[in-house]
Structure formats: structure tokens, C-alpha cells
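Q: Residue numbers for the sequence shown follow our numbering, beginning at 53 and rising by one.
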Amino acid sequence: MKKAVILFIIFLMILGAGITEHFFVHKTFDAFNERIGKIEAALQNDDVDSALSYAEDLQNFWARKRKIVEAISYCQDARQVNVILGELTGSLRCEDTDNAFSKIESLYQLIQNIRDMLDFNAIDII
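1) Per the contact definition of three or more C-beta pairs closer than 8 Å, is the stretch 130-137 in contact with the stretch 88-97?
2) Restricting to runs no shorter than 4 residues, where is the alpha helix (DSSP H) found entirely within the stretch 121-151?
3) Using a threshold of 8 Å, state whether the C-beta atoms of I120 and L170 are closer than that.
4) Cutting at 8 Å between CB atoms, please list the residues of its own chain near I156, excluding the five before and the five after it.
5) Pick from F84, D99 and D148: whose alpha carbon is nearest that of D109?
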């Protein structure tokens with residue numbers, strides 16, 4: 053009986069950690085996508101200065117969140133985000149909007165991949 057109770061407690065701990073991770077991942081990557089959207093909207097309105105400011109804010113946001121994301125699970129793609137953010141910021145500083153739009157699309161795709169990889173679902177328990 054004690055083994056069953058211990059197993060049940062362990063199961064509840066795993067489930068609780070998974071649910072917490074799920075909400076963290078969704079909240080973080082929803083905020084990331086929202087910030088990318090602000091950069092994209094500023095570029096569509098030919099406001100490179102605002103886009104650069106938003107990109108720098110996004111770099112700071114990701115610097116804080118990346119540590120937690122990497123603590124949840126090793127993910128090489130999480131390190132790639134820094135590179136693309138740096139390229140995006142560099143493109144904006146040079147006012148190369150075509151390249152900046154390309155980097156924005158890369159970020160959307162990369163973030164979706166990371167989100168899918170880190171998202172907790174029933175298959176993770178099995």
C-alpha cells in the first residue's frame with residue numbers, strides 16, 4: 053500500500069510540474085510572439101526606430117526567459133534565438149528592412165518549434 057501511495061505522490065508531482073511548465077511555456081512564447089508582432093508592425097509602417105527599440109526590448113526579455121527555458125530542457129534552438137535576434141537588431145541598425153523581415157519570419161518559425169518541443173502533453177507522461 054505504501055508503494056502505491058508513493059507512486060501516486062510521484063505521479064502528482066510530475067503532473068504538477070508538467071502543468072506548471074505548460075503554462076510557463078505558453079505564457080513566455082505568447083509574449084515573445086506578441087513582441088515579434090510589434091517589431092513587424094513597426095516595420096510595415098516604415099518606423100525603423102521603433103522596430104529597433106522593440107527588438108532591443110525583445111533581446112532583454114529573451115535574456116531573462118532563456119535561462120528558465122534552458123533549465124526546463126536542453127534545447128539547442130533556444131541558443132539559436134540569440135543569434136537571430138542579433139541579426140535582426142543588426143539589420144535594423146543598418147535599416148535593411150528586407151533582411152529584418154526575413155529574420156522575423158525565422159523567429160516565428162523557431163519559436164514555434166521550441167514551443168512544440170517544450171510543451172507538456174499527455175504523451176510526455178506515457
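From the three backbone atoms N, C-alpha and C, an ideal C-beta is built for every residue, glycine too.
A: The relevant details are as follows:
1) Remark: fewer than three beta-carbon pairs, one from each stretch, lie closer than 8 Å, so the stretch 88-97 and the stretch 130-137 are not flagged as touching.
2) List check, alpha helix (DSSP H) in window: 128-145.
3) Position 68 of the sequence shown holds residue 120. Position 118 of the sequence shown holds residue 170. Contact: no.
4) Residue mapping note: residue 156 aligns to position 104 of the sequence shown, counting from 1. The residues are I88, I91, E92, L95 and L140.
5) As a position in the sequence shown, residue 109 is number 57, starting the count at 1. Selected option, being the one with the closest Cα: F84.
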